[in-house]
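Chemist: Using my numbering, the first residue of the sequence shown is number 923, and each one after it goes up by one.
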Amino acid sequence: MRKVRDFNSELKALELKTRSLKQRKLRQLGELVIATGAAALDPDALAGGLLAMVDATNGDVKEGWRQRGAAFFQGRSRDAARRARSDKVGDATRDDRAAST
């Protein structure tokens, strides 16, 4: 005799898994925004940039973005971005000191 399937419990388990995956995706997107330094951007500018990326049709441009993203995840671009941010902070500090003298 076959075991009767409990469709309600299976459906509930799938809904929980779906909710968990959506939350994880959202958390990872937020972590990506922070890791890239995009959190410093105005939300309107960030949204506009993302919309421009979605609307882009030039395959060469998209490939360039993909390669840059792959380099970021491999750590090459991440180190360069960190150095650039620290240089900007250093420049601002030097500018503040120069203005006060």
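For each residue, glycine too, the CB sits at the ideal point set by N, CA and C.
Grouping DSSP H, G and I as helix and E and B as strand, with all else coil, what is D966?
Modeler: Of the three classes helix, strand and coil, the one that applies to D966 here is helix, per DSSP.
Chemist: What is the rounded straight-line gap between the Cα of G997 and the Cα of R990?
Modeler: Rounded to whole angstroms, G997 to R990 spans 11 Å at the Cα level.
Chemist: Taking 7 Å as the cut-off, does the CB of L938 come closer than this to any heavy atom belonging to the ligand GDP?
Modeler: Looking at this structure, you won't find the ligand GDP or any other ligand, since it has none at all.
Chemist: Locate the alpha helix (DSSP H) running through G959, then write down its first and last residues.
Modeler: Careful: G959 lies outside any alpha helix (DSSP H) and carries neither H nor E.
Chemist: Taking only three categories from DSSP, how would you classify T979?
Modeler: coil
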